[in-house]
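Inspection log for the structure reproduced underneath, given as structure tokens.
Number of protein chains: 2
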Amino acid sequence: MLKAINETGTLRQAAYMLGITQSALSHRLAEAERRLGGLLFEREGRKLRQTSAGRAMTQTANQIIPALQRAEFDFQQMTNNEITVVRFGVAAYSCYHWLPSFLKVMSKKEPGIQLELVASATQNPLQNIQEGRVDVVLAPGHLAIPGIDSMPVLQDELVLVTHSKHELATKPFIEATDLEGEEYLTYSKSAQPGFEYERFIRPSGTVPHLVTVVEVTDAIVELIAAGFGVSILSRWAVQSAIKNKSVSAIQVGKDSLDLDWSALIRDSEPPQSAARVLSSRLAEWF
Amino acid sequence: MLKAINETGTLRQAAYMLGITQSALSHRLAEAERRLGGLLFEREGRKLRQTSAGRAMTQTANQIIPALQRAEFDFQQMTNNEITVVRFGVAAYSCYHWLPSFLKVMSKKEPGIQLELVASATQNPLQNIQEGRVDVVLAPGHLAIPGIDSMPVLQDELVLVTHSKHELATKPFIEATDLEGEEYLTYSKSAQPGFEYERFIRPSGTVPHLVTVVEVTDAIVELIAAGFGVSILSRWAVQSAIKNKSVSAIQVGKDSLDLDWSALIRDSEPPQSAARVLSSRLAEWF
DNA sequence: TCAATAGATGCATACTATTAATCAATTACT
DNA sequence: AGTAATTGATTAATAGTATGCATCTATTGA
Numbered sequence: 239m240l241k242a243i244n245e246t247g248t249l250r251q252a253a254y255m256l257g258i259t260q261s262a263l264s265h266r267l268a269e270a271e272r273r274l275g276g277l278l279f280e281r282e283g284r285k286l287r288q289t290s291a292g293r294a295m296t297q298t299a300n301q302i303i304p305a306l307q308r309a310e311f312d313f314q315q316m317t318n319n320e321i322t323v324v325r326f327g328v329a330a331y332s333c334y335h336w337l338p339s340f341l342k343v344m345s346k347k348e349p350g351i352q353l354e355l356v357a358s359a360t361q362n363p364l365q366n367i368q369e370g371r372v373d374v375v376l377a378p379g380h381l382a383i384p385g386i387d388s389m390p391v392l393q394d395e396l397v398l399v400t401h402s403k404h405e406l407a408t409k410p411f412i413e414a415t416d417l418e419g420e421e422y423l424t425y426s427k428s429a430q431p432g433f434e435y436e437r438f439i440r441p442s443g444t445v446p447h448l449v450t451v452v453e454v455t456d457a458i459v460e461l462i463a464a465g466f467g468v469s470i471l472s473r474w475a476v477q478s479a480i481k482n483k484s485v486s487a488i489q490v491g492k493d494s495l496d497l498d499w500s501a502l503i504r505d506s507e508p509p510q511s512a513a514r515v516l517s518s519r520l521a522e523w524f
Numbered sequence: 239m240l241k242a243i244n245e246t247g248t249l250r251q252a253a254y255m256l257g258i259t260q261s262a263l264s265h266r267l268a269e270a271e272r273r274l275g276g277l278l279f280e281r282e283g284r285k286l287r288q289t290s291a292g293r294a295m296t297q298t299a300n301q302i303i304p305a306l307q308r309a310e311f312d313f314q315q316m317t318n319n320e321i322t323v324v325r326f327g328v329a330a331y332s333c334y335h336w337l338p339s340f341l342k343v344m345s346k347k348e349p350g351i352q353l354e355l356v357a358s359a360t361q362n363p364l365q366n367i368q369e370g371r372v373d374v375v376l377a378p379g380h381l382a383i384p385g386i387d388s389m390p391v392l393q394d395e396l397v398l399v400t401h402s403k404h405e406l407a408t409k410p411f412i413e414a415t416d417l418e419g420e421e422y423l424t425y426s427k428s429a430q431p432g433f434e435y436e437r438f439i440r441p442s443g444t445v446p447h448l449v450t451v452v453e454v455t456d457a458i459v460e461l462i463a464a465g466f467g468v469s470i471l472s473r474w475a476v477q478s479a480i481k482n483k484s485v486s487a488i489q490v491g492k493d494s495l496d497l498d499w500s501a502l503i504r505d506s507e508p509p510q511s512a513a514r515v516l517s518s519r520l521a522e523w524f
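Those protein sequence lines, which keep their order, are chains A and B. Reminder that position 181 of the first sequence reads as 419 in the working numbering, one-by-one numbering, no gaps. Reminder that position 116 of the second sequence reads as 354 in the working numbering, one-by-one numbering, no gaps.
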């Protein structure tokens, strides 16, 4: 309405442009000015001239209307082409270096599924799932939780990650006592079920002399590659760093420590939902 | 509506939050989904769960509604506090180094007037004024144009601007022939009434050996200060560069060339309009 | 199994938007 | 200067839409 009046200069022509009568447009303008509590146009004789407040409102309208049109168009695209957005997170680890490769695979095999990363799922995976803020979480362990389905994705092992020239790098495996005197990097001090602290460090009674929390798991790997500290991480999280020999991975304990990862989804998800499809694809990919 | 339903989880509570009945909200949601041609929420038993398309629409709504609220608030501020936006330009010269000082003065003396710079006024000042895209233009000359009022702002003179160590800098005044062999910088090749080309260079029959167009007048001054070329500009445009001795200004012609500047405004502007106030303030300031 | 609660639906009514007819003021034309 | 054309504004009638009431069916919790 504002744009039409401004462009045509008269209510008559603007009304014609909008497909209504001049009288209807006059009523609309008057009602809009009543609701806003001020004039959008000053009346000069028979001419309408925008007030500066009216001009600002028109500028806002010129931004908002296209945004609404895009939103409607996108809505129709998503609905008609069955594009589903699945919100995804990784529990415990802020570890995403693998995501571009995985997204590439997803783009080819499941073009109707888009992923949206939810970083807060790292700290509060179960709560985020239950409260509907995230649809799929890649999490360690194979937990039996009411209301949540757990689909196996990967059987992995926990490994000690060191600099490639670290003295521990040559050992076939490490004991907990080997960590004494080491600077130990961890992504979280709060011990979680299935993880290295509960299963390996704590039972030995030994304590690394310095524990540093680095929340971004990928950053831990980079620090180690640079010679700062060691950490125990799931092998899949450091696979590419191992391959390009920037770090070494040493078995933890004589018998090694295995760690399974699964995809957590709400059990109310329909059988063929995008969340379940994503979980299957994760299992395939790892 | 989308946010309320999402936050509360039930139509009943969302309706309560919105101040309508559950039935009204159910109708609203159904009508919105009918208009959009798809579902905003999937129905799972008695539960409503956002579709991914519905979630995207909610995100857009969460951006747009605050923007609308700000626009309404700003409208009320502008209307009730009588803040008027005046669109302003400078004809011929892209020359704005003086604006921050001027804006500071305006902010103190006329807090109800805001300036908005319209750069396109430089090239097409009269058309921009007549077509209502700019309210005030500072322009050379004192033109009698139908529909446009011309208020005197400044009596100035055209000066030759050179590097401070340029050989012409010691002369009391220059003749047109002095420009032979010089690289001449101009902001526009299209000769305009009142300007140096029509009044000084063309009548002499001489031509600078090289003419370069540099559209930004402030840039011309900087080039000259760096030793590249000369130009003839209105003194006010180089006043500060003269003061800090980065350029020299030499009188043009034995009798000098005066150039008046005026503020052009539509003659339909009311007597005490913000545009006329701005024009008065310009005259005071220069 | 039953009661409570959810969303959906049909219908009546309140409310709002539009149009027709007309008015007063302005502007263009003769 | 007078007149015709055009403008925006206004009143009243009517068409269209939004809301609430009553009730329904389905689901879920006790």
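Beta carbons are placed, not taken as given, at the ideal position from N, Cα and C, and that holds for glycine. Owing to the predicted nature of the structure, the values given are computational and were not obtained by experimental measurement.
Query raised in the report: Apart from the five residues on each side of it in sequence, which residues of its chain come closer than 7 Å, Cβ to Cβ, to Ile321 (chain B)?
Result: Working through the second sequence from its first residue, we reach residue 321 (chain B) at position 83. Same-chain partners within the cutoff: Gln315, Gly350, Gln352.
Query raised in the report: Is Val323 (chain A) close to chain B, meaning its C-beta is less than 8 Å from at least one C-beta of that chain?
Result: Reading the first sequence from its first residue, position 85 is the one you call residue 323 (chain A). Closer than 8 Å: yes.
Query raised in the report: Do you know how far the Cα of Thr415 (chain B) is from the Cα of His447 (chain B)?
Result: For the purposes of this step, residue 447 (chain B) is taken as the residue at position 209 of the second sequence. For the purposes of this step, residue 415 (chain B) is taken as the residue at position 177 of the second sequence. Their Cα atoms are separated by approximately 11 Å.
Query raised in the report: Buried or exposed: where does Ala252 (chain A) fall if 16 or more other Cβ atoms within 10 Å of its Cβ makes it buried?
Result: As a working note, residue 252 (chain A) is residue 14 in the first sequence. By the 10 Å Cβ count, Ala252 (chain A) comes out buried.
Query raised in the report: So, are the CB atoms of Phe411 (chain A) and Gly491 (chain A) less than 8 Å apart?
Result: By 1-based counting over the first sequence, the position of residue 411 (chain A) is 173. By 1-based counting over the first sequence, the position of residue 491 (chain A) is 253. Going by C-beta atoms, Phe411 (chain A) is nearer than 8 Å to Gly491 (chain A).
Report task. For Gln297 (chain B), collect the residues of the same chain with a Cβ closer than 8 Å to its Cβ; drop the 5 residues on either side in sequence, then sort them by chain order. Result -> Stepping through the second sequence from its first residue, residue 297 (chain B) is reached at position 59. Hits under 8 Å: none found.
Report task. Determine the chain B residues that contact Arg293 (chain A) at a beta-carbon separation under 8 Å, and present them in chain order. Result -> As a position in the first sequence, residue 293 (chain A) is number 55, starting the count at 1. Those within 8 Å of Arg293 (chain A) in chain B are Val323.
Query raised in the report: Excluding the five sequence neighbours on either side, which residues of its own chain have a C-beta within less than 7 Å of the C-beta of Met344 (chain B), listed in chain order?
Result: The residue given as residue 344 (chain B) occupies position 106 in the second sequence. Contacts found: Ile351, Leu353, Arg519.
Query - Test: Asp312 (chain B) CB closer than 8 Å to a CB of chain A - result: As a position in the second sequence, residue 312 (chain B) is number 74, starting the count at 1. It does; some Cβ of chain A falls within 8 Å.
Query raised in the report: Who are the near neighbours of Glu420 (chain A) in its chain, counting only those whose CB is closer than 6 Å to its CB and skipping five residues on each side?
Result: Stepping through the first sequence from its first residue, residue 420 (chain A) is reached at position 182. Within the same chain, Glu420 (chain A) has close Cβ partners Pro446, Val468.
Report task. For Met239 (chain A), decide whether its Cβ has a neighbour in chain B, counting only Cβ atoms nearer than 8 Å. Result -> Counting from 1 along the first sequence, the entry for residue 239 (chain A) is found at position 1. No, its Cβ sits nowhere closer than 8 Å to a Cβ of chain B.
Query raised in the report: For Phe340 (chain B), does the three-state DSSP call read helix, strand or coil?
Result: The residue you call residue 340 (chain B) lines up with position 102 of the second sequence. In the structure shown, Phe340 (chain B) sits in a helix (DSSP, three-state: H, G or I).
Query raised in the report: From the beta carbon of Leu355 (chain A), is the nearest beta carbon of chain B less than 8 Å away?
Result: Walking along the first sequence from the start, residue 355 (chain A) turns up at place 117. Leu355 (chain A) does not count as touching chain B.
Query raised in the report: Can you round the beta-carbon distance between Gly379 (chain A) and Asp498 (chain A) to whole angstroms, since I take them to be within the 8 Å contact cut?
Result: Counted from its first residue, the first sequence places residue 379 (chain A) at position 141. Counted from its first residue, the first sequence places residue 498 (chain A) at position 260. Confirmed, about 7 Å.
Query raised in the report: By how many angstroms is the C-alpha of Gly292 (chain A) removed from the C-alpha of Ala305 (chain B)?
Result: As a position in the second sequence, residue 305 (chain B) is number 67, starting the count at 1. As a position in the first sequence, residue 292 (chain A) is number 54, starting the count at 1. Using only the alpha carbons, I get a separation of about 15 Å.
Query raised in the report: Taking the beta strand (DSSP E) that His265 (chain A) falls in, what are its first and last residues?
Result: Working through the first sequence from its first residue, we reach residue 265 (chain A) at position 27. Per DSSP, His265 (chain A) belongs to no beta strand (DSSP E); it is in the alpha helix (DSSP H), 260–274.
Report task. Can you tell me which of B:Leu277, B:Glu395, B:Phe279, B:Lys285 puts its alpha carbon nearest to the alpha carbon of Trp474 (chain B)? Result -> Stepping through the second sequence from its first residue, residue 474 (chain B) is reached at position 236. Out of B:Leu277, B:Glu395, B:Phe279, B:Lys285, B:Glu395 has the C-alpha closest to the C-alpha of Trp474 (chain B).
Query raised in the report: Using 8 Å as the threshold, is the stretch 334–342 of chain B in touch with the stretch 275–293 of chain B, meaning 3 or more CB pairs across them?
Result: no
Query - Cβ contact (3+ pairs, closer than 8 Å) linking the stretch 256–269 of chain B and the stretch 498–512 of chain A - result: no
Query raised in the report: Since Ala357 (chain A) contacts Leu502 (chain A) with CB under 8 Å, what's their CB separation in whole angstroms?
Result: Taking the first sequence and counting its residues from 1, one reaches residue 357 (chain A) at position 119. Taking the first sequence and counting its residues from 1, one reaches residue 502 (chain A) at position 264. About 16 Å separates the two Cβ atoms, so there is no contact after all.
Query - Contact list for Met316 (chain B) against chain A, beta-carbon separation under 7 Å - result: Here residue 316 (chain B) corresponds to residue number 78 of the second sequence, with the count starting at 1. Near Met316 (chain B) (Cβ distances below 7 Å), the residues of chain A are Ser290, Ala291, Ala294.
Report task. List the residues of chain A whose Cβ lies closer than 7 Å to the Cβ of Ser506 (chain B), in chain order. Result -> The sequence position of residue 506 (chain B) within the second sequence is 268, counting from 1. Residues of chain A passing the Cβ test: Glu282.
Query raised in the report: From Glu295 (chain B) to Glu310 (chain A), what does the alpha carbon distance come to, in whole angstroms?
Result: As a first step, residue 295 (chain B) is located in the second sequence; it is residue number 57 there, counting from the start. As a first step, residue 310 (chain A) is located in the first sequence; it is residue number 72 there, counting from the start. The residue asked about is misnamed: residue 295 (chain B) is Met in this sequence, not Glu. In a straight line, the C-alpha of Met295 (chain B) is about 8 Å away from that of Glu310 (chain A).
Query raised in the report: Going along chain A, which residues have a C-beta under 7 Å from Leu274 (chain B)?
Result: Counted from its first residue, the second sequence places residue 274 (chain B) at position 36. Here the neighbours are Glu310, Phe313.
Query raised in the report: What are the boundary residues of the alpha helix (DSSP H) that includes Phe311 (chain A)?
Result: As a working mapping, residue 311 (chain A) is identified with position 73 in the first sequence. Where Phe311 (chain A) is concerned, the enclosing alpha helix (DSSP H) stretches over 290–318.
Requested in this report: Along the beta strand (DSSP E) that carries Ser472 (chain B), what are the first and last residues, could you check?
Outcome: Here the question's residue 472 (chain B) lines up with position 234 in the second sequence. 469–472 is the span of the beta strand (DSSP E), which, as asked, contains Ser472 (chain B).
Query raised in the report: In the stretch 419–505 of chain B, which residue ranges form an unbroken beta strand (DSSP E) of at least 3 residues, counting only runs that do not cross its ends?
Result: 421–424, 448–451, 469–472, 485–490, 495–504
**Report entry** Short CB-CB distance (under 8 Å) between Thr248 (chain A) and chain B
**Finding:** Numbered from 1 along the first sequence, position 10 holds the residue referred to as residue 248 (chain A). Taking Cβ atoms only, chain B never reaches closer than 8 Å to Thr248 (chain A), which makes this a no.
**Report entry** Element boundaries [alpha helix (DSSP H), containing Ile243 (chain A)]
**Finding:** Against the first sequence, residue 243 (chain A) aligns to sequence position 5. Looking at the DSSP string, the run of the alpha helix (DSSP H) that includes Ile243 (chain A) is 240–246.
Query raised in the report: Roughly how many angstroms lie between the CA atoms of Ile435 (chain B) and Val476 (chain B), to the nearest whole one?
Result: Position 197 of the second sequence, counted from the first residue, corresponds to residue 435 (chain B). Position 238 of the second sequence, counted from the first residue, corresponds to residue 476 (chain B). It is worth fixing the name first, because residue 435 (chain B) is Tyr in this sequence and not Ile. In a straight line, the C-alpha of Tyr435 (chain B) is about 18 Å away from that of Val476 (chain B).
Report task. State yes or no: is the C-beta of Val323 (chain B) within less than 8 Å of the C-beta of Ser290 (chain A)? Result -> Reading the second sequence from its first residue, position 85 is the one you call residue 323 (chain B). Reading the first sequence from its first residue, position 52 is the one you call residue 290 (chain A). Yes. Within cutoff.
Requested in this report: Please state if the CB of Leu417 (chain A) and the CB of Thr400 (chain A) are separated by a distance shorter than 8 Å.
Outcome: Taking the first sequence and counting its residues from 1, the one referred to as residue 400 (chain A) is at position 162. Taking the first sequence and counting its residues from 1, the one referred to as residue 417 (chain A) is at position 179. The answer is no: Cβ separation not under 8 Å.
Query raised in the report: Cβ of Ile302 (chain A) less than 8 Å from any chain B Cβ?
Result: Walking along the first sequence from the start, residue 302 (chain A) turns up at place 64. Output row for Ile302 (chain A): interface = yes.
**Report entry** DSSP bridge partner residues for Arg250 (chain B) (one or two, in chain order)
**Finding:** Against the second sequence, residue 250 (chain B) aligns to sequence position 12. Partner(s): none; Arg250 (chain B) has no beta bridge.
**Report entry** Ala521 (chain A) - containing alpha helix (DSSP H), residue span
**Finding:** Taking the first sequence and counting its residues from 1, the one referred to as residue 521 (chain A) is at position 283. Ala521 (chain A) -> alpha helix (DSSP H) spans 512–523.
Report task. Using a cut-off of 7 Å between C-beta atoms, extract the partners of Ala305 (chain A) located in chain B. Result -> Taking the first residue of the first sequence as position 1, residue 305 (chain A) is located at position 67. The contacting residues are Thr298, Ile302.
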